[in-house]
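These notes concern the structure reproduced below.
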RNA sequence: GCGAGAGUGGCGGAACUGGUAGACGCACUGGACUUAGGAUCCAGCCCUGCUGGCAGGAUGGGGGUUCAAUUCCCCCCUCUCGCACCA
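In the working numbering, the protein residues as written are -17 to 811.
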């Protein structure tokens, strides 16, 4: 055995050994308890970054630990391989996205292997493999059949830089989530998945996922945005038609003095037709539509509107009120029309002030004597209160009135209570090449025709010439586009949009359970064993996006009979970012640390150890080269402990806990068992790897302490051997290479992975004497040592007899004495 | 604006159900070994005072509950994240 720890000479050896022995490959085994551990799979961008290293190190500790605890652990890895960077890189480097992607996968796989992660590589796949995305096309067809996939013309988020459409979830603060450029609104024909059909269930289950972080659930709840309200009908003054609004404040209906509708509202052109203001209105609409979404969202856009020239009738007052087009009304939410109540809505209040519209107070605060006067209002009163100026409804509370007014209108067919969601359908069309083709054919005679299942897959052609603009080459790829209509046999044209790559990541976790299955997407006999994922680990950035889509998709697949679970991920751990010099590591900031260089300099174990030790997983991790060196130093200390004492350790027989020991060895024996308990709890229950590591460091320090003053004791080496072996087993999930090497150097021939996780004995945790803190009036004054089994009375007596304590009490009689067993005594005088 | 989370030494962070605040590591200081060490080992290391041992003050600030508060409650300040004209 080398005297010096040198990771280079051991890491590769053990990686090859694990692979040769197929130690990470698993099969379903109904006789064993399963555990499905998954980390978010990476996009093959070229190289692994520190965020990945951290994510996968956390997962690997859990996987290795639970294997030693006897569970049948599925721990797979694959590639989220479709996506735009491949296209952009291919254009730049004059290569093909497929080649670029698969080359990156090869390199990144080698990086992951160098880090020693315990993946079952036999299950690996990439989502751009035809054998994967073909099943996604089948899902699309089944969803199409059920009306869950549909096409419509809609105003959508368009990113000019990426030359494609984005889903609402993919627009962050009005900018593209990928390239950060402003997004504009564009009307296009688009395919949607009807996620809104599942809004209620998606929301419902956010209250049934105790293993998820509260804030992720809150974010999803906000995103779904359920609100209870009413749909109310305002007939047009002209008599031919009506405007329906959604409102959560039906109680304020008597105060609705005008109407605001969205520029995109279908009635707008009709309402201004033939009126004197027609051309002004049309101009206004054009301007409003062109406004960037980023401005609209950032509240930069001034609130503006224009009178359409038409009126509608307030259904309870019977008064005619003007209809305005307003740039802040969103067509996508509710009905695209808002009843404006300036006295009780701040936005309407400002709008009314600007255009000289009437303000009518209909709610007064509960404790007010008189209703406030409209002309004295400086701001809208938006809270609930008591109704005034509202005919028969006056005197009701807001809550009562919401129901009563809606019911009153419902009788006339002019209203109903309803539930409104903020969530909108998931737009999945992407005008890009490197994605899964949408299996649809357009025929002049038959219209939109789904590709028959027997004709799947629709293979993405590889013989394409990429366009420098980034626009998809598919529409101009004649052999792909031109096809035959499956219904009439006449000429047909293929859909050239591809699917959003979030579709692939919405079911990959299920496919890992049966990766080679080729007669269907999922083999329920195997998938049923492994699903759901017991623990999912990844970045918080997917709190809404990927994690919401996946939940939706699982419910759809369940309803199709492909899955028998309601939710994909039982427990979720969202790990923090890797930070350097106070900022997230990124190329543009120039603060990236390359994992390869770190592995080269310190070895994989050190890199893993540092990632786990520097902070708890859910917090951000500040990268520190000195911290990395500290981690390396600790591994060296462990190494030397074994290397320098190997002969003596090998000769000793592990202490069995039976014979009596001198105090200092009993201390070590106890420390060993305390450490086993602490590490087991920290890794297994709390995921606090940093404190688990700290505990092992304490044990190692303790061992060095004992070696400082060699007592020449016969019992030393047996007890030491117990401590050393425990140490090796406890760190093995964290730093597997050095653990494997040390384990074998202790004379074992079987992998450390196959050892049972060490157990602590509770009797070994007990010490004969305990230290008790003595306080007087809550201030620490002395420490006493008492037998562990001393009664409260005895402890109290000993404390009161303590000379220091007597001094502090100085003759006074204690008013009260609190005794906390094994902890402290507090004397109140 | 709304929602969530967080504020502890020079730094990263401990303290699981209220019970010795600062485990463990980094940095720093001193010493040992050494031709030398940026290797290793040992010791010190929150602040203030006489400086041995103590005493007092410290967990963003203020108040409260309690024998006892980093931990529970109220108010305020700061930071981070998410949502943001949602009717």
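Just so you know, even glycine gets a beta-carbon here, dropped at the ideal spot from N, CA and C.
| query | Among residues of its own chain, excluding the 5 on either side of residue 67, which ones have a beta-carbon nearer than 8 Å to its beta-carbon? | reply | Cβ within range, chain order: 25, 27.
| request: Tell me whether residue -15 is buried or exposed, calling it buried when 16 or more other Cβ atoms sit within 10 Å of its Cβ. | output: The Cβ neighbour count for residue -15, taken over all protein chains shown within 10 Å, is under 16; the residue is labelled exposed.
| In whole angstroms, what separates the C-alpha of residue -13 from that of residue 713? | The alpha-carbon atoms of residue -13 and residue 713 are separated by roughly 16 Å.
| query | Helix, strand or coil: which one does DSSP assign to residue 467? | reply | In the structure shown, residue 467 sits in coil (DSSP, three-state: anything other than H, G, I, E or B).
| Grouping DSSP H, G and I as helix and E and B as strand, with all else coil, what is residue 165? | Three-state DSSP puts residue 165 in coil, outside helix and strand.
| field | Those residues which DSSP pairs with residue 599 across a bridge | value | In the DSSP output, where bridge partners are listed per residue, residue 599 has none listed.
| Any idea which residues DSSP pairs residue 473 with across the strands? | 466.
| beta strand (DSSP E) segments (min. 3 residues) lying fully within the region 472 to 538 | Counting whole runs of 3 or more residues, the region 472 to 538 contains the beta strand (DSSP E) stretches 473 to 476, 515 to 521.
| Apart from the five residues just before and just after residue 655, which ones in its own chain have a Cβ nearer than 7 Å to its Cβ? | Excluding residues within five positions, the ones whose Cβ falls inside 7 Å are 742, 743, 746, 747.
| field | Every unbroken beta strand (DSSP E) inside the region 383 to 443 [3 residues or more] | value | Counting whole runs of 3 or more residues, the region 383 to 443 contains the beta strand (DSSP E) stretches 397 to 403, 422 to 425, 429 to 432.
| CB-CB length for residue 702 against residue 685, believed under 8 Å | About 7 Å separates the two Cβ atoms, so the contact holds.
| said: If contacts are defined as beta-carbon pairs under 8 Å, then residue 428 and residue 469 qualify, I think. What distance do you get, rounded to the angstrom? | reply: Here residue 428 really is in contact with residue 469; their C-beta atoms are around 4 Å apart, less than 8 Å.
| Top-ranked residue by Cα proximity to residue 248, from 232, 260, 319, 51 | Scanning 232, 260, 319, 51 for the CA closest to the CA of residue 248 turns up 319.
| field | residue 809 - DSSP class collapsed to helix/strand/coil | value | Strand at residue 809.
| task | State the DSSP-derived secondary structure class of residue 777, mapped to helix, strand or coil. | result | Residue state, collapsed to three classes: helix.
| task | Starting from residue 687, follow its DSSP beta bridges and name the residues at the other end. | result | Note: residue 687 sits in no beta bridge, so no partner.
| request: Note down, one range per segment and in chain order, each beta strand (DSSP E) of at least 3 residues found wholly within the region 557 to 641. | output: Within the region 557 to 641, the complete beta strand (DSSP E) runs of at least 3 residues fall at 560 to 562.
| query | Are residue 555 and residue 523 close, meaning C-beta to C-beta below 9 Å? | reply | It is not a contact, given that the beta carbons lie outside the stated cut-off.
| Is it true that the region 183 to 201 meets the region 363 to 372, where meeting means three or more beta-carbon pairs spaced less than 8 Å apart? | Two segments are said to touch when three or more pairs of C-beta atoms, one from each, lie closer than 8 Å; by this definition the region 183 to 201 does not touch the region 363 to 372.
| request: Would you identify the three-state DSSP class for residue 829, choosing helix, strand or coil? | output: In the structure as shown, the chain starts at -17 and stops at 811, and residue 829 therefore has no counterpart that could be examined.
| What residues are listed by DSSP as bridge partners for residue 800? | Beta-bridge partners of residue 800 (DSSP): 808.
| field | Rounded separation between residue 325 and residue 526 - CA only | value | One C-alpha to the other measures close to 36 Å.
| query | Considering only C-alpha positions, which residue in the set 259, 211, 566, 473 is nearest to residue 404? | reply | It is 211 whose Cα lies nearest to the Cα of residue 404.
| query | Where DSSP assigns a beta bridge to residue 135, which residues make up the other side? | reply | Answer is 171, bridged to residue 135.
| task | Please work out which residues of its chain come closer than 6 Å, Cβ to Cβ, to residue 510, disregarding the five sequence neighbours upstream and downstream, and give them in chain order. | result | So the qualifying residues of the chain are 546.
| request: Within its chain, find whatever has a CB closer than 6 Å to the CB of residue 79; leave out the 5 residues flanking it on each side and keep chain order. | output: For residue 79, where only same-chain residues beyond five positions count, the Cβ hits under 6 Å are 68, 69, 72, 416.
| How about the region 583 to 591 and the region -13 to -4: do they share at least three Cβ pairs that are nearer than 8 Å? | The answer is yes - the region -13 to -4 touches the region 583 to 591, with three or more Cβ pairs under 8 Å.
| task | Answer yes or no: do residue 133 and residue -3 have a C-beta to C-beta separation smaller than 9 Å? | result | Against a cut-off of 9 Å, the Cβ pair of residue -3 and residue 133 comes out as no contact.
| Inter-residue spacing [alpha-carbon to alpha-carbon] between residue 489 and residue 433 | Rounded to the nearest angstrom, the two C-alpha atoms are 22 Å apart.
| Straight-line Cα distance separating residue 288 from residue 258 | The alpha-carbon atoms of residue 258 and residue 288 are separated by roughly 12 Å.
| field | Completely contained alpha helix (DSSP H) runs for the region 14 to 54, where each covers 4 or more residues | value | Runs found: 32 to 50.
| request: Sort out for me which residues DSSP pairs residue 211 with in a bridge. | output: Beta-bridge partners of residue 211 (DSSP): 400.
| query | Alpha carbon to alpha carbon, how far is residue 201 from residue 530? | reply | So the two alpha carbons sit approximately 10 Å from each other.
| query | DSSP state of residue 128, grouped into three classes? | reply | Reduced to three states, the DSSP call for residue 128 is coil.
| query | Nearest-angstrom Cα distance between residue 138 and residue 162? | reply | So the alpha carbons of these two residues sit roughly 17 Å apart.
| request: To the nearest angstrom, report how far apart residue 651 and residue 705 are at their CA atoms. | output: Distance between the alpha carbons of residue 651 and residue 705: 7 Å.
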